[in-house]
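For reference, the structure is listed below as structure tokens.
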Amino acid sequence: LTKNRPKPMLTAGNRPILEHVLDALVDAGIEKLVVVVGYRRTRVQEYFGPEYRNVPIEYVLQGKQLGSGHALLQARDATAGPLVVVNGDRVIEPGSVTQVMEAFDAGGGSPVMAVIERDDAHEYGGVRLSGGEITDLVEKPQPGAFRLINAGIYAFEHDIFDAIEETPREAGELALTDTIERLMERNSVSSVQTGGIWADATYPWDLLEVTSTVLADGRVKEAPRADGVWVGESATVHQDATLRPPVAVGADCVVGPGSVVGPDVALGENTTVGANVTVERSVVDSDSRIGHGSTVVDAVLGQSVHLRADASIPGGPADVRVDNEVFEEQPLGAVLGDRVEVGGGASFDPGALVGSGATIGGGCYVAGHVPGDAEVVR
306 LTKNRPKPML TAGNRPILEH VLDALVDAGI EKLVVVVGYR RTRVQEYFGP
356 EYRNVPIEYV LQGKQLGSGH ALLQARDATA GPLVVVNGDR VIEPGSVTQV
406 MEAFDAGGGS PVMAVIERDD AHEYGGVRLS GGEITDLVEK PQPGAFRLIN
456 AGIYAFEHDI FDAIEETPRE AGELALTDTI ERLMERNSVS SVQTGGIWAD
506 ATYPWDLLEV TSTVLADGRV KEAPRADGVW VGESATVHQD ATLRPPVAVG
556 ADCVVGPGSV VGPDVALGEN TTVGANVTVE RSVVDSDSRI GHGSTVVDAV
606 LGQSVHLRAD ASIPGGPADV RVDNEVFEEQ PLGAVLGDRV EVGGGASFDP
656 GALVGSGATI GGGCYVAGHV PGDAEVVR
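In our numbering, the protein residues as written are 306 to 683.
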């Protein structure tokens, strides 16, 4: 999914994740946005331009991806005075940003980090507190050992850049959390526990949760047609089709007769859904085609994906291997990268991952990982 664009430009509710992040910052009163770009940076710069919602944007380049601390360091000359720092691939609440800024002001400029309670804290790393101060950041804790995680929202004085430069590199990389741990040893790092919307797009199946979250909150750009149903003005939905909320149908989409789309579905612009198709809990990016009689459940489809008639993605749960790690019981039917072509009657084992540009022949059964540009035939 990120072969042709950076992860923050993946869509949730038919809008880039980064757009949701910038909304939170602007709504919290931030008056200047500094965006660190690198991989496929033109996708970001061309989409947002020089300002967002009348707030100026300055882009700074991270030539090599050498960690989150290194990324922040590139913004040194573009900033002056205190600053708020957020991750570009997490959907957050404006109120969470405001809480961090207020705690920073109340604390006289001491570093502040937001934390949030999660049942799956072991998948992110735990945070240990004492009297509201952060005392430890724990990577990969045992399940159930922690409930608080780093929410990825910070406030610092400008001298954070000096602290980053003083932080030893690990395998050539600078992680912001390493700098925070050094600050904890020398000074206090305060915590603010936030709530509300927080959705992270670390893994492919996370896009399904992020999309469900933004749809439930109505963070979509299409016009509302009914409660929980948003349809672009230029979209065509057949009178015999059913849209089950929450669902967003982008501009220039076509939904054929007898099809059922939703709940928790976002159809990107210029997507065509044929007759008698079922789409549930899925993200279908722009310019894609789903042939008649197909089933798409718990799936993430990239841009310009073409499923011919009677293709079947029946949904999760699944044990999914990412690199050398297996994630058990994930709600994932399949992930199809950009420009994947799927022949008629093909079917997918839960958790299948298909790389960009791959071709799946008609009637094939796909399981596991199919590399990009590969061809699968019977």
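Don't be surprised by glycine CBs; every beta carbon is placed ideally from N, CA and C.
Start-to-end residues for the alpha helix (DSSP H) that takes in residue i
i    : result
Y352 : 346-353
P399 : 399-411
S373 : 373-378
A329 : 322-332
Cα-Cα separation, residue i to residue j
i    : j    : result
G430 : P446 : 6 Å
E363 : A383 : 7 Å
G354 : P361 : 9 Å
P636 : S517 : 13 Å
G642 : E490 : 44 Å
Q608 : D483 : 36 Å
S495 : L323 : 26 Å
D522 : W503 : 12 Å
H543 : V515 : 28 Å
A506 : R586 : 16 Å
D467 : G393 : 23 Å
D441 : I485 : 10 Å
G561 : G555 : 14 Å
A480 : R474 : 8 Å
S435 : P448 : 21 Å
E462 : G414 : 6 Å
P550 : E470 : 49 Å
V389 : G598 : 49 Å
I335 : S593 : 36 Å
L377 : P416 : 15 Å
V349 : D557 : 23 Å
D511 : V536 : 24 Å
H427 : G500 : 18 Å
A604 : A651 : 15 Å
R423 : E444 : 15 Å
L606 : A476 : 34 Å
Beta-carbon separation (whole angstroms), residue i vs residue j, contact threshold 8 Å
i    : j    : result
G457 : V391 : 6 Å
V280 : V402 : Absent from the structure is residue 280, since the part of the chain shown begins at 306 and ends at 683.
V588 : T347 : Between T347 and V588 the Cβ distance is about 23 Å, and since that is not below 8 Å, they are no contact.
G567 : D545 : With a Cβ gap of about 15 Å, G567 and D545 do not count as contacting.
Y613 : G649 : In the sequence as displayed, the identity of residue 613 is Arg instead of Tyr. 4 Å between Cβ atoms; contact.
G620 : G638 : 4 Å
P399 : A333 : 5 Å
V570 : V584 : 5 Å
A657 : A679 : With a Cβ gap of about 13 Å, A657 and A679 do not count as contacting.
A616 : V645 : That belief does not hold up - the Cβ atoms of A616 and V645 are roughly 11 Å apart, past 8 Å.
V703 : Y357 : Nothing can be reported for residue 703: it is not among the residues displayed for the chain, which extend from 306 to 683.
The beta strand (DSSP E) enclosing residue i, as first and last residue numbers
i    : result
I335 : From DSSP, I335 is part of no beta strand (DSSP E); its letter is neither H nor E.
E363 : 360-366
S435 : 431-435
R626 : 623-627
T440 : 438-443
Q635 : 630-635
A553 : 552-554
A383 : Segment: none, A383 is in no beta strand (DSSP E) and carries neither H nor E.
A639 : 639-641
L388 : 388-391
Residues sharing a beta bridge with residue i, DSSP
i    : result
T547 : V565
N455 : V420
F664 : Correcting the residue type first, residue 664 is Thr in the shown sequence and not Phe. Bridge partners of T664: E646, E680.
A317 : R320
A657 : A639
Q | Minimum length 4: unbroken alpha helix (DSSP H) runs contained in the region 461-540 | A | Whole alpha helix (DSSP H) segments, 4+ residues: 465-471, 481-491, 511-521.
Q: Output the residue ranges of the beta strand (DSSP E) runs that lie fully inside the region 568-595 and measure 3 residues or longer, sorted by chain position.
A: Taking only runs of at least 3 residues, the beta strand (DSSP E) segments lying wholly in the region 568-595 are 570-572, 583-585, 587-589.
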